[in-house]
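Asker: Can you keep this structure in mind? I'll have questions shortly.
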Amino acid sequence: MLYQKLKTLYEKVRLQHYRDLFRRVKERDGSLSATEAFAADVIYLLGSPTVSAFADTLGISQPNATYKINNLVSKGYAVRGGSDADRRECRVSVGERFFSYYDTDYPFIADSVKKLQEHYTPEQLVLLEKMLDDVIGYMCEE
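Sequential numbering from 129 applies to the sequence shown in the numbering used here.
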């Protein structure tokens with residue numbers, strides 16, 4: 129039962145994410161393809177990864193990762209920068225254009241939180257938050 133509930137939650141969040149992502153993909157000059165949108169999303173989620181970390185995360189070759197990043201940089205959705213710790217290391221992060229294209233606020237989550245706050249006590253919500261911390265930790269263990 130718990131497995132099925134977590135699976136359903138995961139699938140619903142993914143579906144909402146894909147809906148939002150494809151809603152933003154437009155067929156015009158300078159817009160992102162679905163693959164580019166996914167790549168930009170991964171860069172955003174990783175923070176400011178190295179090209180190598182980006183490639184490793186996606187399980188693609190370094191040249192393929194560089195190609196994807198170059199496309200995003202040329203369209204203004206990503207920027208390259210050096211690492212503060214190691215000048216030889218190239219990092220990539222999302223650019224300003226990404227934020228105009230990609231809404232990093234999730235209204236469906238805010239709406240869900242509001243409904244939960246109306247339905248449950250503050251103590252129950254604290255317990256839910258603790259349980260979600262555990263779920264996130266267990267799901268993201270490597």
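Every residue, glycine too, gets a C-beta built ideally from N, C-alpha and C. If you're wondering where the values come from, they're calculated on a predicted model, not measured in any experiment.
Nearer than 7 Å: is that true of the beta carbon of residue 199 relative to any heavy atom of the ligand ZN?
Answerer: The ligand ZN is absent from the structure shown, which contains no ligand whatsoever.
Asker: How many angstroms separate the CA atom of residue 179 from the CA atom of residue 164?
Answerer: As a position in the sequence shown, residue 179 is number 51, starting the count at 1. As a position in the sequence shown, residue 164 is number 36, starting the count at 1. One C-alpha to the other measures close to 15 Å.
Asker: Could you give the distance in angstroms between the alpha-carbon of residue 221 and the alpha-carbon of residue 146?
Answerer: As a working note, residue 221 is residue 93 in the sequence shown. As a working note, residue 146 is residue 18 in the sequence shown. Looking at the two C-alpha atoms, the distance is approximately 21 Å.
Asker: To the nearest angstrom, how far is it from the Cα of residue 136 to the Cα of residue 216?
Answerer: As a working note, residue 136 is residue 8 in the sequence shown. As a working note, residue 216 is residue 88 in the sequence shown. Approximately 44 Å between the Cα atoms of the pair.
Asker: Taking 8 Å as the cut-off, does the region 237–254 touch the region 186–206 (at least 3 CB pairs, one atom from each stretch)?
Answerer: At 8 Å Cβ cutoff, the stretches do not touch.
Asker: Is residue 230 closer than 8 Å to residue 168 when the C-beta atoms are compared?
Answerer: Position 40 of the sequence shown, counted from the start, is the residue given in the question as residue 168. Position 102 of the sequence shown, counted from the start, is the residue given in the question as residue 230. Yes.
Asker: Contact check, residue 183 vs residue 176 under 8 Å by CB: the rounded distance?
Answerer: Within the sequence shown, numbered from 1, the residue matching residue 183 stands at position 55. Within the sequence shown, numbered from 1, the residue matching residue 176 stands at position 48. Actually they do not touch by this definition, with Cβ atoms about 15 Å apart.
Asker: Have a look at residue 194 and residue 142 and give me their C-alpha separation to the nearest angstrom.
Answerer: Reading the sequence shown from its first residue, position 66 is the one you call residue 194. Reading the sequence shown from its first residue, position 14 is the one you call residue 142. Cα to Cα, the separation comes out at about 26 Å.
Asker: Determine whether the beta carbon atoms of residue 186 and residue 170 lie at a separation below 8 Å.
Answerer: Stepping through the sequence shown from its first residue, residue 186 is reached at position 58. Stepping through the sequence shown from its first residue, residue 170 is reached at position 42. Yes.
Asker: Give me whichever residues DSSP pairs with residue 178 in a beta bridge.
Answerer: Along the sequence shown, read from residue 1 onward, the residue named residue 178 stands at position 50. Partner(s): 219.
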